[in-house]
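Residue numbers (the numbering used here): 1 to 96.
No residue lacks a Cβ here, since even glycine has one placed at the ideal position from N, Cα and C.
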């Protein structure tokens with residue numbers, strides 16, 4: 001009998017998913033750090049957030065949102081692939 005964990009294609013899908021999740025976690029940590037720094041800077045200057053708009057930050061935010069959306073899509077696709085491979089493994093185990 002073959003288990004899903006023994007199949008190279010399932011292992012590859014899981015490895016890819018873990019790599020993407022690590023990337024997303026690193027991106028999130030970077031965003032959080034930048035947001036906290038920006039909030040601290042605003043507080044120290046006494047500037048209201050709505051009073052300043054930085055085109056560079058807005059451009060960076062747009063780029064980062066696109067990257068996160070791309071990562072979300074890749075994770076979704078990998079999850080679908082993993083589900084398919086697990087179902088295949090179950091079906092193959094039932095036919096043996």
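DSSP three-state call for residue 7: helix, strand or coil?
Look at residue 7 here: in three-state DSSP terms it is coil, with no helix or strand label.
Task: Whole-Å CB distance - residue 23 paired with residue 89, under 8 Å assumed - done: Rounded to whole angstroms, the Cβ separation of residue 23 and residue 89 is 27 Å, and the two are not in contact under 8 Å.
| said: I need the straight-line Cα distance from residue 69 to residue 44, nearest angstrom please. | reply: C-alpha separation (whole angstroms): 33 Å.
Item to check | Contact between the stretch 9 to 23 and the stretch 55 to 66 (3+ Cβ pairs under 8 Å) | outcome: No, the stretch 9 to 23 is not in contact with the stretch 55 to 66.
- [ ] Determine the contact status of residue 78 and residue 16, defining contact as a CB-CB distance below 7 Å.
- [x] Yes.
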